[in-house]
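What follows is a short report on a single structure.
There are 2 protein chains.
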Amino acid sequence: MASATASRRLRERLARERLILDTARRMLAELGYLGLNMDRIAEAIEYSKGTVYQHFSSKEDLIAALCADTAAARAEMFRKAASYDGTTRERLMAIGIADAIFIRRHPDHFAVESILDLSSVIDKITDERRDRWVAIKTAKMDVLTRIVQDAVDAGDLVLPEGVPLCAPLYGMWAQAVGHSRISSMAPMPHFAGVDMNAVLWTNYNRMLDGYGWKPLTSDWDYQASAERISTTVFGEPSPAGSLT
Amino acid sequence: MASATASRRLRERLARERLILDTARRMLAELGYLGLNMDRIAEAIEYSKGTVYQHFSSKEDLIAALCADTAAARAEMFRKAASYDGTTRERLMAIGIADAIFIRRHPDHFAVESILDLSSVIDKITDERRDRWVAIKTAKMDVLTRIVQDAVDAGDLVLPEGVPLCAPLYGMWAQAVGHSRISSMAPMPHFAGVDMNAVLWTNYNRMLDGYGWKPLTSDWDYQASAERISTTVFGEPSPAGSLT
DNA sequence: GTCGAGAATTGACGAGTCGTCAAATATCGA
DNA sequence: TCGATATTTGACGACTCGTCAATTCTCGAC
Chain A
837 MASATASRRL RERLARERLI LDTARRMLAE LGYLGLNMDR IAEAIEYSKG
887 TVYQHFSSKE DLIAALCADT AAARAEMFRK AASYDGTTRE RLMAIGIADA
937 IFIRRHPDHF AVESILDLSS VIDKITDERR DRWVAIKTAK MDVLTRIVQD
987 AVDAGDLVLP EGVPLCAPLY GMWAQAVGHS RISSMAPMPH FAGVDMNAVL
1037 WTNYNRMLDG YGWKPLTSDW DYQASAERIS TTVFGEPSPA GSLT
Chain B
837 MASATASRRL RERLARERLI LDTARRMLAE LGYLGLNMDR IAEAIEYSKG
887 TVYQHFSSKE DLIAALCADT AAARAEMFRK AASYDGTTRE RLMAIGIADA
937 IFIRRHPDHF AVESILDLSS VIDKITDERR DRWVAIKTAK MDVLTRIVQD
987 AVDAGDLVLP EGVPLCAPLY GMWAQAVGHS RISSMAPMPH FAGVDMNAVL
1037 WTNYNRMLDG YGWKPLTSDW DYQASAERIS TTVFGEPSPA GSLT
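In the order they appear, the protein sequences are chains A and B.
Using our numbering, the first residue of the first sequence is number 837, and each one after it goes up by one.
Using our numbering, the first residue of the second sequence is number 837, and each one after it goes up by one.
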């Protein structure tokens, strides 16, 4: 039965790929991009370097795989969050909460992703992996765009003439990206003692209030929503801090 | 007269440093971080590699110098913008405009800065240069915090209990950072045909409206403000696009 | 004009890493 | 047991970084 052998082979291959990924993730967190070393990885997993290159075409390709690994988990959390049954603004909030919980679960994901943002790095990964990477991002945007569309259809949100559907999303996305970058920089004295995570949430709400996305903060207890979403969808306490 | 010789020496040294920086910037834009090569720089400027290392202690140190180079120009533009004589919200807007014009003038600055954000890279630069880098960032935050303080003092802005002064700044900063990062990624189909720069400005205004920072968008022509600030302070057309 | 001490410049070199590939080894059905 | 096929190996070539002993240059003193 040839297929039994083939299936075992595949299983072993996947297990080894997992081993490489886990080892690389640990090393990357510890030593950074420049410290990550293919020879050391090979040594750590007790295979030769050639075998590592059977799985990943280059060091950068391996990093991209690390990224895709957590990004898949992130996309799944997005999907789950989007199915939350509430107002359109609560559903958008659910995505934000999904992301915040994701960050709590995978604190070093964005440090890895920021390596890939260097154009000279992304140029070195295989085409399939790059395509998959773009597909994941696109799927997330689809989920989000759908929520805005629903809000407009339901009359919760009225976008002024000339403002595209993606505008409020873009505001949240840019803030989330900026937040994760700033968090990974050297701490600024101006932010000492301030819960920047709570500030991020405050700013989300201020912006959506500015768009007039109903129900407004003044008419709804979003603190309670955050707790409800967190526990219902993810079974965890809210990551949003105290909203204002 | 020994000082004449010394002064000429210094001048020559500075000129060569300029030459190295300009060459490196061009190469970095063209070939990316991984493509940038100390031997090639030395060859291009027609000096030896050892001489390049007289100026910069490592490849990463050179990149940090590139960054500091434009960052100094940016800080100067911030300072100029902050002195604009208008409402507190216009003054904040002036900073945003300064930054947008800066991006227009130095389109590849953030690509360079993002290299430095990799922790394993910043670890390799000299202490003085790192300190200078942090000092520039801090100075910019000082300018901004001052504007928010003035707004609160003037009664233009009332921050709810528990919201720190830096909150609205953080929202703008995070969006600016996120925007520059997203812009340098592979283009998303959801944004095709949309002027993301105009969207960024829309979002700034929505958020500040959400904070109730007076005068609100509904009571003031910020389009006109943008044009006025751009021409008055920088003698250039507004980079904000059409605001909504 | 010449000299020589000290400053500036050079580029060969050691160390380290990436990615390859011919050779060695392991697997598995006949 | 055997041989064809799949898998693994690690020595190797190519490349880059950063160093430093050797070389060249500079400039004031005589």
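Idealized CB from N, CA, C, for every residue including glycine.
Keep in mind it's a predicted model, so treat the numbers as computed, not measured.
Is the Cβ of residue i closer than 9 Å to any Cβ of chain B?
i	result
A:S893	no
A:N834	With chain A covering 837 to 1080 only, the question about residue 834 of chain A has no answer from this structure.
A:A838	Interpretation of A:A838 is limited by its pLDDT of 48, a score under 50 that renders its predicted location unreliable; the figure taken from the coordinates is listed afterwards. No, no contact with chain B.
A:V957	yes
A:Y1047	yes
A:T923	no
A:V970	yes
Going along chain A in order, which residues have a C-beta closer than 8 Å to the C-beta of residue i?
i	result
B:M1024	K973, T974 and M977
B:W1009	G1014 and I1018
Helix or strand or just coil, what does DSSP make of residue i?
i	result
A:S1066	helix
A:I961	coil
B:A838	At B:A838, the pLDDT of 45 sits below 50, so the modelled position is not reliable; the number obtained from the coordinates is stated separately. Helix at B:A838.
B:G1014	helix
B:Y920	coil
B:A843	The amino acid occupying residue 843 of chain B in the given sequence is Ser; Ala does not appear at that position. Looking at B:S843 - three-state DSSP - the assignment turns out to be helix.
A:N873	coil
B:F892	coil
A:Y1040	helix
A:M929	helix
A:P1073	coil
A:G868	helix
A:G886	helix
A:T974	helix
A:M1021	coil
A:W969	helix
B:P1004	helix
A:W1056	coil
B:S1061	helix
A:T1080	coil
So is residue i in contact with chain A if we call contact Cβ pairs under 9 Å?
i	result
B:C903	no
B:P1004	yes
B:K960	yes
B:L1044	yes
B:M874	no
Determine the closest residue to residue i out of the options, with distance taken between C-alpha atoms.
i	options	result
A:I939	A:Y1058, A:S1074, A:E882 and A:Q985	A:S1074
A:L980	A:M1032, A:F946, A:S1019 and A:D935	A:D935
A:P996	B:D992, B:N1039 and B:M1008	B:N1039
B:E949	B:I933, B:Y920, B:T906 and B:I983	B:T906
A:I881	A:Q1011, A:P1023 and A:R854	A:R854
A:I937	A:R910, A:E926 and A:D959	A:R910
B:Y920	B:A1012, B:F1070 and B:L1079	B:F1070
B:A1062	B:M1008, B:D978 and B:I931	B:I931
B:D1045	B:V970, B:G868 and B:E926	B:E926
B:S884	B:M863, B:R852, B:M977 and B:I899	B:R852
B:L857	B:V1030, B:A1003, B:L954 and B:C903	B:C903
Taking residue i as the query, report the chain B residues whose CB atoms sit under 9 Å from its CB, ordered along the chain.
i	result
A:L954	G868, Y869, L870, A947, S950, I951 and L954
At 7 Å on the CB atoms, spell out the chain A contacts of residue i, in chain order.
i	result
B:T981	H1026
B:M1021	D953
Chain B partners of residue i, CB-CB under 8 Å?
i	result
A:V999	V1035, T1038 and T1080
Interface residues of chain A around residue i at Cβ under 9 Å?
i	result
B:P996	T1038 and T1080
Task: Members of the segment 1025 to 1039 of chain A near chain B, C-beta cut-off 8 Å - done: For the segment 1025 to 1039 of chain A, the residues whose beta carbon sits under 8 Å from a beta carbon of chain B are, in order, P1025, H1026, F1027, V1030, M1032, V1035, L1036, T1038 and N1039.
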